[in-house]
Structures are given as C-alpha cells and as structure tokens.
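Step one of this worksheet: look at the structure below.
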Amino acid sequence: MSVHAQLREIEQERKKLAAKQKRLEAKASKDDALKAKFENFATENGYRNGKTLSKFLADIYGVTTSSDSTRRTRTKVTAELRDAIKSEVASGKSKNSVSKSRGISYIVVDKMVKGGYDHL
Numbered sequence: 000m001s002v003h004a005q006l007r008e009i010e011q012e013r014k015k016l017a018a019k020q021k022r023l024e025a026k027a028s029k030d031d032a033l034k035a036k037f038e039n040f041a042t043e044n045g046y047r048n049g050k051t052l053s054k055f056l057a058d059i060y061g062v063t064t065s066s067d068s069t070r071r072t073r074t075k076v077t078a079e080l081r082d083a084i085k086s087e088v089a090s091g092k093s094k095n096s097v098s099k100s101r102g103i104s105y106i107v108v109d110k111m112v113k114g115g116y117d118h119l
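Numbering that gives the first Met the number 0 puts the first residue of the sequence shown at 0, with every later residue one more than the last.
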C-alpha cells in the first residue's frame, strides 16, 4: 500500500471519528438534559432526588437489579447425574424443564443428551 493511500485512509478514519464524536456529544447532552428534567420532576413532587424516586418506583413495580440474583454454581458432572438427566429427557420431560429443576444450564443438559459426557 502506497504512502498516499495510507494517508487517505487515515484522513477517512479521522472524518469517521469526528462524526462519531459529534453524535456521541449530542447524545450525551440529550441524556444530561433528560436527567436534569427527571431530577426536577422528582424534587417538585416531594422526593429528595431522582434516585429516590426511581427506587420508589422500582419497589412499587417489583423491578429488581441483576445484582440481586446469585450466580449459578459450577456443576460437577458425574456418570450418575448424566444417566439421571438422560432418563428424565427420555421419559418426556423437556430439556429446559430438566435444566431449571436441576439448576444446570440448558447447554450442559443438551450436551449430555447428545452424548458429550458419555466418556464418564
């Protein structure tokens, strides 16, 4: 690639970055304006700040954050577990219901059914 072609490419990248920066700055100013509007609404309606209002609304509507849930523990796959899951699926239970009842990811249950753990 020639030097001139590389310079043109760099200039095009600068133009793209400038356009992206302009879009992001516009979005940031719009977000800041919306946040200020929400803060004003909250204080006008008797709340200390917008965060207090949002927590109150989350409590009313039962919205929880993802940090409330605990992480799934790693499953130790044994031959007994593999055979039990295969028999449950063979008896007609869906792989999804087996994964939820056992606390194992669907992907692992699917791999067991397809024979991925037959070496155990």
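Yeah, the Cβ is synthetic: ideal placement off N, Cα and C, and Gly gets one too.
- For Ala78 against Leu119, the beta-carbon gap comes to about 5 Å, under 8 Å, which counts as contact.
- The beta carbons of Val112 and Arg101 sit no closer together than 9 Å.
- Under the three-state reduction of DSSP, Leu119 is assigned to coil, being neither helix nor strand.
- In this structure, the CA atom of Ser53 is about 19 Å from the CA atom of Lys29.
- Under the three-state reduction of DSSP, Lys21 is assigned to helix.
- Following the DSSP letters along the chain, one finds Tyr60 inside the alpha helix (DSSP H) bounded by residues Gly49 to Tyr60.
- Secondary structure at Tyr46: coil, using DSSP grouped into helix, strand and coil.
- Here Ile84 is buried, its C-beta having at least 16 other C-beta atoms within 10 Å.
- Separation of the CB atoms of Arg81 and Tyr116 is rounded to 5 Å, and the pair is thereby assigned contact status at 8 Å.
- In the structure shown, the three-state DSSP call for Lys113 is coil.
- Between Ala41 and Asn48, the C-beta spacing is below 9 Å.
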